[in-house]
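Protein sequence lines, in the order shown, are assigned to chains R and B.
Start counting at 1 in the first sequence, then tack on 1012, and there's your number in our numbering.
Start counting at 1 in the second sequence, then tack on 1012, and there's your number in our numbering.
We put the CB at the ideal spot given by N, CA and C, even for glycine.
Read the structure below first, then the notes.
There are 2 protein chains.
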Amino acid sequence: MEKVEKPKRQHILESAAILFRDKGYSATSMRDLARAVGLQASSLYNHIESKEKLLQEICLANALKFLSMMEKVEAMDIPVAAKVEQLLRLHIRTAIQDVTSVTSFNDEWRHLGEPYLSDFKDMRRDYEQRFIHILRQGIEAGEIRAQEPQVVLYTLFSSLRWLYDWFQPGRRLSAPDVEEEILNLLFYGLRCSSELDSESV
Amino acid sequence: MEKVEKPKRQHILESAAILFRDKGYSATSMRDLARAVGLQASSLYNHIESKEKLLQEICLANALKFLSMMEKVEAMDIPVAAKVEQLLRLHIRTAIQDVTSVTSFNDEWRHLGEPYLSDFKDMRRDYEQRFIHILRQGIEAGEIRAQEPQVVLYTLFSSLRWLYDWFQPGRRLSAPDVEEEILNLLFYGLRCSSELDSESV
DNA sequence: CCTACCGATCGGTAGG
DNA sequence: CCTACCGATCGGTAGG
């Protein structure tokens, strides 16, 4: 078998991400992972260091990806609302396309040990603060509805966190269609714009 | 110790819900739970049948609660948009007040064994279908923006799923304040209503 | 409600 | 990359 070198480590990492997503980090055993990649459990350790190292790598890669996108968006010379839109599109596309992102964002990062847990939380907090800064600018510019930025931020993030779970590529709507639908809902809301409003604040 | 009978079983159930929420079902050991309620692990079994039975009970109780609320709302003689509002308020309040709800709704139900897993999924699907029916009525009545109901439903549910995680009662906003802010965002969207829109569909 | 203990499974290592 | 195996911990039971 002297074929071209395969990125076996990458294969293991992605298989792990899928298992972590479907069963959770704790409920995924190294024997599960070994079966998924066609090895004995002990053989995994020729490619990786430990179970937790897999989680660390997944979480770190995703945190860096989002911070890097934030940097690009901050530098763009476009209206603030368009920056928010760009970031939301990134969240939507990542949720749909990248299996590792779910592990990192939804819940499994909490199983990281120190100091990786603190590092991850710091990066996440940094990202959130910069997103909130953009929201504030949008409110000042009159582009974004005046609401508590923190509530808005977390509600937006949250609204996209389970996208991977309910979106099925084969269904009625394509990925780009779903992207437009979600953005439309988040930017313009449930209410028909023709309605007069007399309730809910 | 002949004090009034305490609902010990209930105490165990709630402690379990908190642990399942914070660490996940799989990462929570019966010894963790025993420590939380001040018993030896083996003594738990005088009050409960098994670890999975705890999860079953939590998930079933919450599924029944939401279906019962759905029944009430369906019977109300109010505009459709107000029905949606009522249901969303229930989701928000439950997320904030009931520790068991998180376990049931966010992720841990997937660790149920059969036939409980299928039962739970059926009840959830029933609830979702009835919610979608209300959304369709709202769209027909011109009260709700015409969008794919399934995308709307899942995005709404998702947006409230992590509320328990970021809402801290002591912070700047009270629970009722946050409730109004979220409803406002979901019903009217991010955009300032004065803005003219030329992008995003 | 405790002590004592069960078989099963966990993440991981030794050695080749 | 495998076989063989480690100590630790798991959910749960026996017996009192």
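Exclusion of the five residues before and after Ser1055/B leaves Ala1046 as the residues of its chain whose Cβ lies within less than 8 Å of its Cβ.
Among the residues facing chain R, Tyr1176/B is not included, as its CB has no counterpart in that chain under 8 Å away. Take Arg1148/R, set aside five residues on each side of it, and the residues of its chain with a beta-carbon closer than 6 Å to its own are Pro1161, in chain order. Taken through DSSP and simplified to helix, strand or coil, Ile1146/B comes out as helix.
Per DSSP, reduced to three states, the secondary structure at Ile1156/B is strand. By the Cβ rule, the segment 1031-1039 of chain B does not count as touching the segment 1198-1207 of chain R, because fewer than three pairs are nearer than 8 Å. Sequence-ordered contacts of the segment 1145-1165 of chain B with chain R read Gly1154, Glu1155, Ile1156, Arg1157, Gln1159, Glu1160, Val1163 and Val1164 [C-beta pairs closer than 7 Å].
Excluding the 5 residues flanking it on each side, Ala1028/B has same chain C-beta neighbours closer than 6 Å at Leu1045 and Leu1066, in chain order. Here DSSP, grouped into helix, strand and coil, assigns Arg1047/B to helix. CA-CA distance, Arg1173/R to Ile1146/B, rounds to 24 Å.
Residue-level contact check: Ser1130/R does not touch chain B, since none of the beta carbons of chain B fall below 8 Å from its beta carbon.
Runs of the alpha helix (DSSP H) lying entirely within the segment 1018-1100 of chain R and spanning at least 4 residues, in chain order: 1020-1035, 1042-1049 and 1063-1087.
Interface residue (Cβ-Cβ distance to chain R less than 8 Å): His1103/B is not classified as such. Taking C-beta atoms as the reference points, Glu1097/R and Arg1142/R fail to come closer than 8 Å. When C-beta distances to chain B are compared with 7 Å, the residues of the segment 1031-1058 of chain R below that value are Gly1036, Ser1038 and Ala1039, in chain order. If only uninterrupted alpha helix (DSSP H) runs of at least 4 residues are considered, those enclosed by the segment 1162-1200 of chain R are 1175-1178 and 1187-1200. Residue pairing by DSSP leaves Arg1105/R without any beta bridge partner. Interface annotation for the segment 1089-1117 of chain B against chain R: Ala1093, Ala1094, Val1096 and Glu1097, criterion Cβ-Cβ distance under 8 Å.
The closest CA to that of Phe1169/R, considering only Ile1104/R, Glu1155/R, Thr1115/R and Arg1157/R, is found on Ile1104/R. Three or more beta-carbon pairs drawn from the segment 1103-1118 of chain B and the segment 1183-1196 of chain B are found closer than 8 Å, and the two stretches are therefore classed as touching. Interface annotation, Arg1137/R: not in contact with chain B, CB-CB separation never under 8 Å. For Leu1076/R, same chain residues with a beta-carbon under 8 Å away, outside a window of 5 residues either side, are Met1135 in chain order. Here Val1164/R has Leu1147 as same chain residues with Cβ atoms under 7 Å from its own Cβ, once five neighbours each way along the sequence are excluded. Identification of residues in the segment 1176-1196 of chain R having a C-beta nearer than 7 Å to some C-beta of chain B yields Trp1178, Leu1185, Val1190, Glu1192, Glu1193, Ile1194, Leu1195 and Asn1196, given in sequence order. Using beta-carbon distances, Cys1071/R does not count as an interface residue toward chain B, since no partner is under 8 Å.
Annotation for Ser1113/R: the continuous alpha helix (DSSP H) segment containing it runs Val1111 to Val1114. Residue contact check for Gly1125/R against chain B: no CB pair falls below 8 Å.
Counting C-beta atoms within 10 angstroms of its own C-beta, Ser1062/B has fewer than 16 neighbours from the protein chains shown and is therefore classed as exposed.
In this structure, Thr1167/B sits away from Ser1038/R, with a CB-CB distance that is not shorter than 8 Å. Pairing Ala1073/B with Thr1112/B gives a Cβ-Cβ distance under 8 Å.
Chain order gives no chain B residues near Arg1142/R, where near means a beta carbon separation below 8 Å; the closest approach is about 17 Å.
For Asp1134/R, no chain B residue has a C-beta closer than 7 Å to its own C-beta; the minimum C-beta separation is roughly 17 Å. Take the alpha-carbon of Glu1120/B and the one of Glu1064/B: they are about 11 Å apart.
Within the DSSP bridge table, the entry for Arg1203/R names Ile1156/B as partners.
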